[in-house]
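Novice:
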Amino acid sequence: MTITSRKDHSHREQQKPGPVEWLSGLVSAVLIVFLIASMAREAFVEDSPPPQLEIEIKGIEKVGRYFRVDFELANRSASTAAAVHVQGTLRREGAELETSEVTFDYAPAQSQSTGGLLFEGDPAAGTLVIRPTGFTEP
Amino acid sequence: MQLAEPRAATQKFTIGLLRGAAGALIFGIPMLMTMELWFLGFSMPRERLLLLLLVNIPLLVLLAHRIGFERTSTLREAVRDATIAYGLGIVTSAAVLALLGILTLDMPANEWLGKVALQSVPASIGAMLGRSQLGGRNDDYNEEGEEDDVEKDDELATGYFGELFMMGVGALFLSLNVAPTEEIILISYKMTPWHSLAAILVSIALMHGFVYAVAFRGTHQLDERTPNWHALVRFTLPGYVVTSLISLYVLWTFGRLDDTGWTQVMMSTVVLNFPGAVGAASARLVL
């Protein structure tokens, strides 16, 4: 408990704290030590290899005039990538029909992000390749 | 004298309203002029926005009970003051967003609603703080004179959880200021685990120092026989945990934790805890 004086706006902590205060303090100390320990583990144990980007196509749907291809960009590494360019190429019988591009601001470490590419032709009728083409360090 | 009293009461109430609006402006402008918050206003998940708007109600009521437009003694008065503060927050946010050309007539209604609703949360906290922090010295003394029969002493006792609540409000307020910006996640990407370790320790040290060491007005005194680490364990460490929970909640609300790895979640929490800890500590001094 804290006593606040209205006159000089000073606060004075009560002399005899209840068990709740000590219990909260103890639980908090444990949580903070856990947080610090996890960070320390990251600092000592984990090395940071360059970003490892993978793309998985989630679905193709015709909406309006275009075919929308939903995909997931996963970064399996412990380093974050920025400005990740993703290019989708639609081919039929070896000929390149069209390409679409999108840029992700970030692909956070060990995280997934979703995006979409739009095509005029039906991606199901040809071969669709979606791949990341480049990134920068944040 | 009898006839003049209602007029004086109305005048006092109007001044209170204006102070609230001023508070909403002072504390709300940094957020009203943040691009990410306009976008979040219409793009963030509706259920998270709803939850934030609902969480704001008990928060304002408790805050009103503590500082309020008037010194409140009953729950009804606290609810009334909280409602007024929320209303002022909404009106001020809408007015400023319209003034800045962010709300235009060709926008759909739900975009208006989303943008104003999101901004009304920090603005309403600002409205509440405006009354307590911008209040003139003179009428404070007058009030105390009037309320002498109600309040026997000039001391206000805050329960332990009241103290933690104040820290939470302070942390929430500063977190709302910075959490929507891209900088928070960018910083967490740039920081190494070493940086975040340092950030944790510096945040805790700042929290403790602000309240106990630096002799600000409103500084907390300890009994002479109480060792310093007692206050650290009882107040500062729980305060840091409260700040972390607020950071997590705010980051989740703004969709910064979606599909994000555990390490990144911790890193961005630690980054947001830095301003949060400063907010929590200053709330203990100010409120």
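Chains as they are written, first to last, in my numbering: chain A, 1 to 138; chain B, 1001 to 1287.
Glycine included, C-beta positions come from ideal geometry on N, C-alpha and C.
#1: Using the Cβ count rule (16 or more neighbours within 10 Å means buried), how would you classify B:Met1207?
#2: Check whether chain B comes within 7 Å of A:Ile130, counting only Cβ atoms and requiring the distance to be less than that.
#3: For a contact defined as C-beta to C-beta under 8 Å, what are the partners of B:Ile1185 on chain A?
#4: Is there a Cβ of chain A sitting closer than 7 Å to that of B:His1208, yes or no?
#5: Classify B:Ser1093: buried if its beta carbon has 16 or more other beta carbons within 10 angstroms, exposed otherwise.
#6: Along the alpha helix (DSSP H) that carries A:Pro51, what are the first and last residues, could you check?
#7: List, in order along the chain, the chain A residues whose C-beta lies closer than 7 Å to that of B:Tyr1249?
#8: If you compare alpha carbons, which of A:Ile130, A:Gly134 and A:Ser111 is closest to A:Glu98?
#9: In angstroms, rounded to a whole number, what distance separates the CA positions of A:Asp140 and B:Tyr1189?
#10: Taking just the CA atoms, how far does A:Gln87 sit from A:Glu137?
#11: Please state if the CB of B:Gly1114 and the CB of B:Phe1039 are separated by a distance shorter than 7 Å.
#12: Looking only at its chain, what residues have a beta carbon closer than 6 Å to the beta carbon of B:Ile1102, apart from the 5 residues adjacent to it on each side?
#13: Within its chain, find whatever has a CB closer than 8 Å to the CB of B:Leu1222; leave out the 5 residues flanking it on each side and keep chain order.
#14: Can you name the residues that DSSP bridges to A:Pro135?
#15: What first and last residue would you give for the alpha helix (DSSP H) that runs through A:Val30?
#16: Helix or strand or just coil, what does DSSP make of B:Ala1171?
#17: Please report whether the beta-carbon of A:Gln112 lies at a distance below 7 Å from any beta-carbon of chain B.
#18: Using the rule of at least 16 other Cβ atoms within 10 Å of the residue's Cβ for burial, across every protein chain shown, is A:Ala37 buried or exposed?
#19: What is the rounded straight-line gap between the Cα of A:Thr133 and the Cα of A:Arg92?
#20: Identify each residue in the region 22-56 of chain A for which the Cβ-Cβ distance to at least one residue of chain B is less than 9 Å, and report them in chain order.
#21: Do the region 1157-1177 of chain B and the region 1231-1250 of chain B make contact, defined as three or more Cβ pairs closer than 8 Å?
#22: Helix, strand or coil: how does DSSP classify B:Thr1010 here?
#23: Cβ closer than 7 Å: which chain D residues qualify as neighbours of B:Lys1190?
#24: Taking DSSP as the reference, what is the three-state secondary structure of B:Glu1183?
#25: Using DSSP with H/G/I as helix, E/B as strand and the rest coil, what is B:Asp1148?
#26: I need the straight-line Cα distance from B:Phe1254 to B:Met1044, nearest angstrom please.
#27: Considering Cα atoms alone, identify which of B:Ile1246, B:Arg1234 and B:Tyr1086 is closest to A:Val30.
#28: So what does DSSP say about B:Phe1069, is it helix, strand or coil?
#29: What is the rounded straight-line gap between the Cα of A:Ala81 and the Cα of B:Thr1269?
#30: So is B:Ala1024 buried or exposed if we call it buried at 16+ other beta carbons inside 10 Å?
#31: Span of the beta strand (DSSP E) holding A:Glu98?
#32: Is A:Arg65 helix, strand or coil by DSSP?
#33: Using a C-beta cutoff of 7 Å, does A:Pro17 count as contacting chain B?
#34: Starting from A:Glu120, trace the alpha helix (DSSP H) in both directions and tell me its first and last residue.
#35: Hey, is B:Gly1261's beta-carbon within less than 7 Å of any beta-carbon in chain A?
#36: Given the structure, does B:Gly1130 come close to the ligand ZN, in the sense that its CB is under 6 Å from one of the ligand's heavy atoms?
Specialist: Per the coordinate set shown:
#1: By the neighbour-count rule (16 or more Cβ atoms within 10 Å), B:Met1207 is buried.
#2: Chain B contact via Cβ: absent.
#3: The answer, in chain order, is Tyr106 and Pro108.
#4: No, because no Cβ of chain A sits closer than 7 Å to the Cβ of B:His1208.
#5: Within 10 angstroms of the beta-carbon of B:Ser1093 lie 16 or more other beta-carbons, which makes it buried.
#6: Unbroken run through A:Pro51: none, as it is neither H nor E.
#7: Neighbours of B:Tyr1249 on chain A: none; closest Cβ ~16 Å, over 7 Å.
#8: The option with the nearest alpha carbon to A:Glu98 is A:Ile130.
#9: This structure gives no information on residue 140 of chain A, because the portion of chain A shown stretches from 1 to 138.
#10: CA-to-CA, the gap between A:Glu137 and A:Gln87 works out to about 19 Å.
#11: Between B:Phe1039 and B:Gly1114, the C-beta gap is not smaller than 7 Å, which leaves the two residues out of contact.
#12: Cβ neighbours of B:Ile1102 beyond the five flanking positions: Trp1038.
#13: Scanning its chain for C-beta atoms nearer than 8 Å, with the 5 sequence neighbours on each side dropped, one finds around B:Leu1222 the residues Tyr1212, Asn1228, His1230 and Ala1231, in chain order.
#14: Residue identity differs from the one stated: residue 135 of chain A is Phe in this sequence, not Pro. Assignment of beta-bridge partners to A:Phe135 by DSSP yields no partner.
#15: Pro19 to Phe44 is the extent of the alpha helix (DSSP H) around A:Val30.
#16: DSSP places B:Ala1171 in helix when its eight states are reduced to three.
#17: Residue contact with chain B for A:Gln112: present (Cβ-Cβ distance below 7 Å to some residue of chain B).
#18: The residue in question, A:Ala37, is exposed, as its Cβ has fewer than 16 Cβ neighbours within 10 Å.
#19: One alpha carbon belongs to A:Thr133, the other to A:Arg92, and they sit about 21 Å apart.
#20: Cβ proximity to chain B below 9 Å picks out Trp22, Ser24, Gly25, Leu26, Val27, Ser28, Ala29, Leu31, Ile32, Leu35, Ile36, Ser38, Met39, Ala40, Arg41, Glu42, Ala43, Phe44, Glu46 and Ser48 from the region 22-56 of chain A.
#21: Yes: the two stretches touch, three or more of their Cβ pairs being nearer than 8 Å.
#22: Reduced to three states, the DSSP call for B:Thr1010 is helix.
#23: Considering every chain present, this structure includes no chain D. Its protein chains are A and B.
#24: Helix.
#25: Caution applies to B:Asp1148, whose pLDDT of 38 falls short of 50 and renders its modelled position unreliable; the model cannot decide the point.
#26: Approximately 7 Å, taken between the alpha carbons.
#27: Closest option to A:Val30, Cα to Cα, is B:Arg1234.
#28: In this prediction, B:Phe1069 scores a pLDDT of 47, lower than 50, which makes its location untrustworthy; the coordinate-derived value is nonetheless stated afterwards. Look at B:Phe1069 here: in three-state DSSP terms it is coil, with no helix or strand label.
#29: Their Cα atoms are separated by approximately 19 Å.
#30: With 16 or more Cβ atoms within 10 Å of its Cβ, B:Ala1024 is classed as buried.
#31: Run containing A:Glu98: Ala95 to Ala107, per the beta strand (DSSP E) assignment.
#32: Look at A:Arg65 here: in three-state DSSP terms it is coil, with no helix or strand label.
#33: Yes, A:Pro17 lies at the interface with chain B (some Cβ there is under 7 Å from its Cβ).
#34: In the DSSP assignment, A:Glu120 falls outside any alpha helix (DSSP H), carrying neither H nor E.
#35: Contacts with chain A at 7 Å (Cβ-Cβ) include B:Gly1261.
#36: Annotation note on the ligand ZN: not contained in the displayed structure, which lists no ligands.
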